[in-house]
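Participant: Take this structure, written in C-alpha cells, and hold onto it; I'll ask about it next.
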Amino acid sequence: MIGTIALSALGALMIACGIAVVRARDLVHAVFWLAAMLIATAGLFVVLEAPFLAGIQIVLYTGGVITLMLFGVMLTHRDLDAAIPNPVAHELRAGITAAALAGALLLGIWSTDWGAAKPAATVSVAQIGAHLLGPQLLAFELLSVLLLIAMIGAIALARRTDP
Amino acid sequence: MTLLSNPWIHGLVVGTPVLLVFLAASALASWWERKFAGRMQNRLGPTIVGPFGILQPFADALKMMQKEDIVPRAADRALFNLAPVFPLALALAVLAVVPFGGSWAGDEWSSALVVADLDIGVIWVLAVSGLMVFPTWMAGWASSNKYTLLAGMRSVAQGVSYEIPLVLAAMVPVVATGELSLSGIVAWQAEHGWLVFWPPGPGLFAFVIFFMASLAEANRIPFDIPEAESELVAGVLVEYTGLKFGLFMLAEYTHTIAASVIASVLFLGGAHGPMPEIFGPMWLVLKASTLFVIIYWIRWSWYRFRSDQLMDLCWRYLVPITLVLVMITAIMRGFLPGGAS
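One line per chain: the protein sequences are A and B, in this order. Going by this note's numbering, 68 is the number at position 13 of the first sequence; the sequence numbering is gapless. Going by this note's numbering, 292 is the number at position 312 of the second sequence; the sequence numbering is gapless.
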C-alpha cells in the first residue's frame, strides 16, 4: 500500500522534473532539474527494494553525468540578458517520437499478464558480485577493457598539442 | 520492541537524537575552534559570553539572524536561495548509516545503534559525499560574481578529483572485510583487529589517504581551495549574508565532524574498544574527536596548496597509490582470517 503510494508519488515527481528539464529556459536550471529527476529514479529503486542499484544510480548518474554537464556549462558563455528561445524547437517531430515510445511502452504493459508474474527475489550485493565475476566474467572484463580504451583515448586527445 | 522494528519509527526514534546531537556538536565545534585557534596563536579566544565564552555560538546565531538578507540583483534567485539548504542536509545524511554502538557476538551484531543499517552503507556514504560539490557549485554559479564562479569551478574540479582516491581508499576496508555495510565493517574489526593495523600496510596507507581525501572533500586546509580567502575573498560565500551564510558555516563543521566519524568507523574500529559494549558510543566519540582535533591542528598550522599542486597530488600520487593498495588488499585477503571465500 505504502509502496504503491510511494511509486506513484515518485513517478509523478519524475514526470514533473522531466517536463521541467525540457521547458527550462536556463541551461543550469535544466541540469539541476535533471539531477532531481535522477535522484527520484534512485528513490524508485529504493521502493523496489534494490538499494544497491539506487546507490549506483546516485554515484554514476547524479555524481558522474551531472558533474560532466556542469563542466560543459562552465565551458560555455552565460548570456545574462539575451532571451533564450524555448528549447523545444521541433515540437511536431518530438511529439511523434514521444507518442511512438509511449505507445510501445503501453502496449508492452497491457500485453503482459501481471497475475502470472512472480515477485522478484531480493538480490543481495554479494549475489550480484558473484554473478558478475562468475557467469558474466567475460562480459565484465570486456567492459573494463572498453572503459580503459576510452580513458586512454581521452588522455591521448587531451595531450595532443597540434593546432 | 515490535514497534521499534518498523523502519519508519526506528528511524524517527534513533534519528532525532542523532540529528540534535550532531547539530549541537557542530555549534559547539565553532566555539571550540575559536578557542583552539586562539590558544595556538597565544590569544584567549572568546571569553565574554558565558563561562569560557561557551555561549559564543548562540551569540553568533543571534547576530546572524539580525543581518540583512541580501540577494544580489544579478543572482539567479531560485538557486541562490536553494543552495544553503543542501550542505547541512547532505552532511547529516551521511551519519544515517553510522553504527554508534551496539553489541556483537563474534563478527555478527546482535543489535546496533544506527539510524538505518543499510547493506550498502559504504556506497551510501560515497554517493552522498559525491553530491556535496553541487551545492557549492550552485552557490558559486547563482551568485553571479567572478570570485564565486571561480571558487565553484575549483570546488567541482577538486571534488571530482579527490572523489577517486576517496572511493578507492574506502574500497580497502570493503575488500578486506567483504562487507559493504558500516556495521559489518565495525564487527569485522572487533573480531580481527582494526583496519588501520590489519592487514598490516595497506590499511594504514589507505587510512592516511582516506583522511586526506576527506579533508579535500570537506574543503579543509590544506585543501580549502574553494574558499581560499587570500585569493578568492571568501570563495562561494562572498555574496551570502545572515542565516544563509550561517547555514554554510554550520554545515562546514558538520561535514568535518561527519568525515571524522566515517574515517573512525572505516579504519579505527568505530564503536569497538577494550571496555564493555555499552561504552561503544564513547569510543566512537573519542576516536572521531581525535581526528577532528588533528584536522583543526593542521588547519591552524599549515598553508594552503595551490590549485595545480592539489591536482598533481591527487592524480599523480594518490590515485595510483590507492589502486595498488586495493590490489594488494585483494591479494592479501586470500591469507586473511575469515577471507578466501
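Ideal Cβ positions, reconstructed from N, Cα and C, are used throughout, including at glycine.
1. Work out the CA separation of B/Leu129 and B/Trp178 for me, nearest whole Å.
2. What separation, rounded to the nearest whole angstrom, lies between the Cα atoms of A/Gly158 and A/Thr167?
3. Tell me, to the nearest whole angstrom, how far the beta carbon of B/Ala63 is from that of B/Pro115; I am working on the premise that it is less than 8 Å.
4. Measure the alpha-carbon distance for B/Ser244 versus B/Ser(-15) and round it to whole angstroms.
5. Going by DSSP, what residue range makes up the alpha helix (DSSP H) through B/Tyr142?
6. Should B/Ile237 and B/Phe38 be called a contact, given that it needs their Cβ atoms to be closer than 8 Å?
7. Among the residues of its own chain, which have a CB less than 7 Å from the CB of A/Ile207, if the five just before and after it don't count?
8. Please report whether the beta-carbon of B/Phe114 lies at a distance below 8 Å from any beta-carbon of chain A.
9. Using a C-beta cutoff of 8 Å, does A/Gly189 count as contacting chain B?
10. Mind checking B/Trp168: buried by the 16 CB within 10 Å criterion, or exposed?
11. Spell out the partners DSSP gives B/Gly81 in its beta bridges.
12. For B/Ala107, go through chain A and note every residue whose CB falls closer than 7 Å to its CB, in chain order.
13. Spell out whether any CB of chain B is found under 8 Å from the CB atom of A/Leu125.
14. Between which two residues does the alpha helix (DSSP H) harbouring B/Ser163 extend?
15. Which first and last residues belong to the alpha helix (DSSP H) in which A/Val178 is found?
16. Determine, using beta carbons only, whether A/Met206 comes closer than 8 Å to chain B.
17. Thinking C-beta only, is B/Ser6 closer than 8 Å to B/Leu293?
18. Is B/Phe190 helix, strand or coil when you go by DSSP?
19. So B/Val136 contacts chain A; which residues on that side make the cut at Cβ distance below 9 Å?
20. Span of the alpha helix (DSSP H) holding B/Thr217?
21. Report all residues from its chain with a CB closer than 6 Å to the CB of B/Phe66; omit the five preceding and five following residues, and keep chain order.
22. By a C-beta neighbour count over all protein chains shown, 10 Å radius and 16 as the cutoff for buried, is B/Lys43 buried or exposed?
23. Are the segment 137 to 155 of chain B and the segment 181 to 200 of chain B touching, with three or more C-beta to C-beta distances below 8 Å?
24. Could one say the Cβ of B/Leu327 lies closer than 8 Å to chain A's Cβ atoms, at least one of them?
25. Evaluate the contact criterion for the segment 76 to 85 of chain A versus the segment 105 to 116 of chain A: three or more CB pairs, one atom per stretch, below 8 Å.
26. Does any residue of chain B bring its CB to less than 8 Å from the CB of A/Ala90?
27. Use the C-beta contact count for B/Gly132: other C-beta atoms within 10 angstroms, 16 or more gives buried, fewer gives exposed.
28. Inspect the CB distances between the segment 246 to 260 of chain B and the segment 24 to 31 of chain B and report whether three or more fall short of 8 Å.
29. Please go through the same chain and pick out, in chain order, the residues whose beta-carbon is closer than 6 Å to the beta-carbon of B/Asp97, but skip the five residues on each side of it.
30. Pop quiz: B/Met112 and B/Leu223 are said to be a contact at Cβ under 8 Å. What is the actual Cβ separation, rounded to whole angstroms?
31. Please state whether the Cβ-Cβ distance between B/Tyr127 and B/Val51 is less than 8 Å.
32. In whole angstroms, give me the CA-to-CA distance for A/Gly119 and B/Arg19.
33. Can you grab the Cα-Cα spacing for the pair B/Trp104 / B/Val(-7), in whole Å?
34. Using beta-carbon positions only, say whether B/Ile165 and B/Leu246 come within less than 8 Å of one another.
35. I'd like the span of the alpha helix (DSSP H) that includes B/His(-10), first residue to last.
36. Could you run through the segment 71 to 84 of chain A and flag, in chain order, every residue whose CB is less than 8 Å away from some CB of chain B?
Facilitator: The answer reads as follows:
1. Taking the straight line joining both Cα atoms gives about 44 Å.
2. The alpha-carbon separation between A/Gly158 and A/Thr167 amounts to approximately 14 Å.
3. The Cβ separation is near 5 Å, so the contact holds.
4. For B/Ser244 and B/Ser(-15), the distance between alpha carbons rounds to 27 Å.
5. B/Tyr142 -> alpha helix (DSSP H) spans Lys126 to Thr157.
6. Contact check for B/Ile237 against B/Phe38 fails: the beta carbons are separated by 8 Å or more.
7. For A/Ile207, where only same-chain residues beyond five positions count, there are no Cβ hits under 7 Å.
8. Output row for B/Phe114: interface = yes.
9. A/Gly189 does not count as touching chain B.
10. By the Cβ neighbour-count rule, B/Trp168 is buried, with 16 or more other Cβ atoms within 10 Å of its own.
11. Beta-bridge pairing links B/Gly81 to B/Leu93.
12. For B/Ala107, the chain A residues whose Cβ falls inside 7 Å of its Cβ are Gly110, Ile113, Val114 and Gly118, in order along the chain.
13. Output row for A/Leu125: interface = yes.
14. Membership of B/Ser163 in the alpha helix (DSSP H) is indicated by the continuous run Leu162 to His172.
15. Counted as a single uninterrupted DSSP element, the stretch harbouring A/Val178 is not any alpha helix (DSSP H), since DSSP gives it neither H nor E.
16. No, A/Met206 does not count as interfacial toward chain B.
17. Taking 8 Å as the cut-off, the beta carbon of B/Leu293 is found no closer than this to the beta carbon of B/Ser6.
18. Reduced to three states, the DSSP call for B/Phe190 is helix.
19. Within 9 Å Cβ-Cβ: Thr122, Leu125, Phe126 and Met129.
20. It should be noted that the sequence gives Leu, not Thr, for residue 217 of chain B. Under the DSSP assignment, B/Leu217 falls outside any alpha helix (DSSP H); it carries neither an H nor an E label.
21. Excluding sequence positions up to five before and after B/Phe66, its CB lies within less than 6 Å of the CB of Pro115, all in the same chain and listed in chain order.
22. When all chains shown are included, B/Lys43 counts as exposed.
23. A contact exists between the segment 137 to 155 of chain B and the segment 181 to 200 of chain B.
24. Given that chain B is displayed from residue -19 to residue 321, the structure contains no residue 327 of chain B and the question cannot be resolved.
25. The segment 105 to 116 of chain A and the segment 76 to 85 of chain A do not touch, with fewer than three beta-carbon pairs separated by less than 8 Å.
26. Yes, A/Ala90 lies at the interface with chain B (some Cβ there is under 8 Å from its Cβ).
27. Buried.
28. Contact fails: fewer than three Cβ-Cβ distances are below 8 Å.
29. Cβ within range, chain order: Ser163.
30. Contact flag wrong, Cβ pair sits at about 20 Å.
31. No, the Cβ-Cβ distance between B/Tyr127 and B/Val51 is not below 8 Å.
32. Between A/Gly119 and B/Arg19, the C-alpha separation is close to 42 Å.
33. Near 21 Å, if we compare the C-alpha coordinates of B/Val(-7) and B/Trp104.
34. With contacts defined by Cβ atoms closer than 8 Å, B/Ile165 and B/Leu246 form a contacting pair.
35. That run of the alpha helix (DSSP H) goes Pro(-13) to Met20.
36. Within the segment 71 to 84 of chain A, the residues whose Cβ lies closer than 8 Å to any Cβ of chain B are, in chain order, Asp81, Val83 and His84.
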